[in-house]
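Reviewing the structure listed below.
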Amino acid sequence: MVGFELGSVPFNSDGWGPPDSSASAILVPNQPSNVPFAPFSRSDKLGRIADWTRNVSNMGRPGSKQGQHISESAFDFSGDDSFATLAADEDSSFRLVDTSAKSHHHNPNRPKFNPRWRFNPHHNNRSQLPQRRDEEAESRKRDAEKERGRRDRLYYLNRSQMPQRRESSAFKSSVDIQPEWNMLDQIPFSTFSKLSFSVPEPEDLLICGGLEFYDRSYDRITPKNCRALERFKSRNFFRVTTTDDPVIRRLANEDKATVFATDTILSTLMCATRSVYSWDIVIQRVGNKLFFDKRDGSQLDLLSVHETSQESLPDAKEDINSMQSLSLEAAFINQNFSQQVLVRNGSKVTFEEPNPFANEGEEVASVAYRYRRWKLDDDMYLVSRCEVHSVVDTNNQRSFLTLNALNEFDPKYSGVDWRQKLETQRGAVLATELKNNANKMAKWTAQALLAGADMMKLGYVSRVHPRDHFNHVILAVVGYKPREFGAQINLNTSNMWGIVKSIVDLCMKLKEGKYVLVKDPSKPQVRIYDVPQDAFDNEYVEEPLPEEEQVQPPSESADGGDAIATTNDVEDEPIGGNEAA
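Numbering of the sequence shown is given in our numbering, commencing with residue 105 and proceeding in unit increments.
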């Protein structure tokens, strides 16, 4: 049987490893003489394992690794003169190539890897011991925490030294709350969101005014084939409040309903939860009847722009992109757009009564007022004046249209350039507008639903140049069915009527008098105040417009000036300005 003979292992009383004597050459056969015992292959980690007796105080000398821990230095013999030179060179090169992060960054020939690879500790420390990887991970985590703390301290220091942001005009109340007003109730929007009420189909009591036909050629407009927006200088537009409407007064005297309003006021209430800017509605309880009114010069006559956007608008009132300037610009764009897209050949659809606000011989805009009645309760009806702007014949069937225009003032604010995106990504443009103008578009949809319009046409109108707010072009016109569009923007008709019904019920419990419902300028809630009977009488004074925006008197309307009747008294001179469009 073949046996295994174990050779004698010499004892080294002076240290570790084979004895340093000539006898080792005899004991280890085929071993070259005068060559220290050391590995010659990178895969063989032989030799001394650790030397805890070495002096580690010279670890900062040239050639030693910076930042090396004392416990790690016991395993590192690359800088030890007593170790074999060849082994030291090989071990040093091995560690430098495989583990040094700095060498990766300074090697110009190293291929670029993605960040996931570069910062993955499993790639950089593959050859290191597990406990060393854990220590380095903990160290990196501590360093990251320190850096985060330093950044936070710097941020709060800088913030405390910065001047406080002055209150934006968008967050000022739409009406000055007087000290003698008595707040009766405060309703958060979260309460509105839970309301629901179903109303039966309304009935038409009366239709007044006249409508012109819609020009279908505008459906084919593209950004490359756009049309300049015209100005209609001689047509008058009326924004008459509820109690100054002679038709509503007549219907109230005939006891046709208990509650009276206009589509503008109702849509403001219905879409209240989407509003950001402050607004107010005057409520008058007269006998057993309720009238919802707007003040003279109310913001309800204008259109908000960028209301629900995260981007803030300039605060300076004279800036062409301020909230006030954009609202005025949007109002006149809408007026001019609604008249330009009509067939102007003189043909008009007339109704039972003429426009109740126009004087004889006066040229008025194409508009029809539908006085519609909804049943809110067994003995409670609501009458509202609703507007439609045009008519179109389709398959021998006449359809009512509402006409509204979205306006682009500066692509920098919205982040979407209509001229580039409207043809290829119209959905993205509409989604951006729904995000930035959610309240305005919801109100347009609510007004179309209230008026019983069969189609709502949305125009995309842009400035010729971002710094020119006088000249505009129509880039596209798109039609939507109000009910389908309402579903698309999550407009719940039951919730809309639930809000109106709750406000009506609340006001019907109040005594006779005048009240004002105000949207809080900075919080999602509305407040109702009891105000004196003479509140808001003759309080509105129109600010003087710059010379280039001043309007000529109506008698000279042939030479300039759109007229927009924003006063409550229909007999007053209409005010406005064609230059804003």
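C-beta atoms are modelled at their ideal positions from N, C-alpha and C, and glycine is treated no differently.
- Cβ contact annotation for residue 392 (same chain, cutoff 8 Å, sequence separation greater than five): 362, in chain order.
- Look at the beta carbons and you see the region 374-383 not touching the region 487-496: under three pairs across the two are nearer than 8 Å.
- Counting C-beta pairs closer than 8 Å gives fewer than three between the region 495-508 and the region 377-389, which falls short of the contact rule.
- Given a length threshold of 3 residues, each whole run of the beta strand (DSSP E) inside the region 346-414 is given here in chain order: 363-366, 384-390, 393-397.
- With 16 or more other Cβ atoms from the protein chains shown falling within 10 Å of its own Cβ, residue 435 counts as buried.
- In this structure residue 618 is buried. Its beta-carbon is surrounded by 16 or more other beta-carbon atoms within 10 angstroms.
- Rounded to the nearest whole angstrom, the CA to CA distance from residue 580 to residue 477 is 35 Å.
- The straight-line gap separating the alpha-carbon atoms of residue 552 and residue 624 is approximately 27 Å.
- Judged by DSSP in its simplified three-state form, residue 632 adopts strand.
- 8 Å or more divides the Cβ of residue 395 from the Cβ of residue 385.
- Residue 301 holds the alpha-carbon nearest to the alpha-carbon of residue 481 among 547, 452, 301, 442.
- Counting C-beta pairs with one atom in each stretch, the region 275-293 and the region 441-457 have fewer than three that are closer than 8 Å, which means they do not touch.
- Partner residues in the beta bridge of residue 292, as assigned by DSSP, are 629.
- With contact defined as three or more Cβ pairs closer than 8 Å, the region 560-569 and the region 437-449 are in contact.
- Of the residues 587, 569, 572, the one whose Cα lies closest to the Cα of residue 560 is 587.
- DSSP places residue 528 outside any alpha helix (DSSP H), giving it a letter other than H or E.
- Counting C-beta pairs closer than 8 Å gives three or more between the region 588-595 and the region 530-550, which meets the contact rule.
- If you draw a straight line from the Cα of residue 347 to the Cα of residue 636, it comes to about 17 Å.
- Using a 10 angstroms sphere on the CB of residue 555, the tally of other CB atoms reaches 16 or more, which defines it as buried.
- Straight-line spacing of the CA atoms in residue 602 and residue 423 works out to 39 Å.
- The beta-bridge partner set that DSSP reports for residue 286 consists of 634.
- Here residue 433 is near residue 573, since their CB atoms are less than 8 Å apart.
- Under DSSP, the beta-bridge partners assigned to residue 578 are 331, 565.
- Residue 408 and residue 250 have their C-alpha atoms spaced approximately 46 Å apart.
- About 6 Å separates the beta carbons of residue 412 and residue 540, which is inside the 8 Å limit, making them a contact pair.
- Put simply, the backbone Cα of residue 498 is about 19 Å away from that of residue 471.
- If you check the CB distance, residue 342 and residue 461 come in under 8 Å.
- Listed in chain order, the alpha helix (DSSP H) runs fully inside the region 495-545 are 515-518, 522-525, 530-540, counting runs of at least 4 residues.
- Residue state for residue 554 is assigned as helix, using DSSP reduced to three classes.
- According to the DSSP assignment, residue 604 belongs to the alpha helix (DSSP H) that extends over 597-612.
- Of the residues assessed, residue 350 falls on the exposed side of the cut-off, its CB having fewer than 16 other CB atoms within 10 angstroms.
- Counting only the Cα atoms, residue 370 lies some 20 Å from residue 634.
- DSSP, read as helix, strand or coil, puts residue 247 in helix.
- The continuous alpha helix (DSSP H) containing residue 587 extends over residues 586-592.
- Note that the C-beta distance between residue 475 and residue 310 is below 8 Å.
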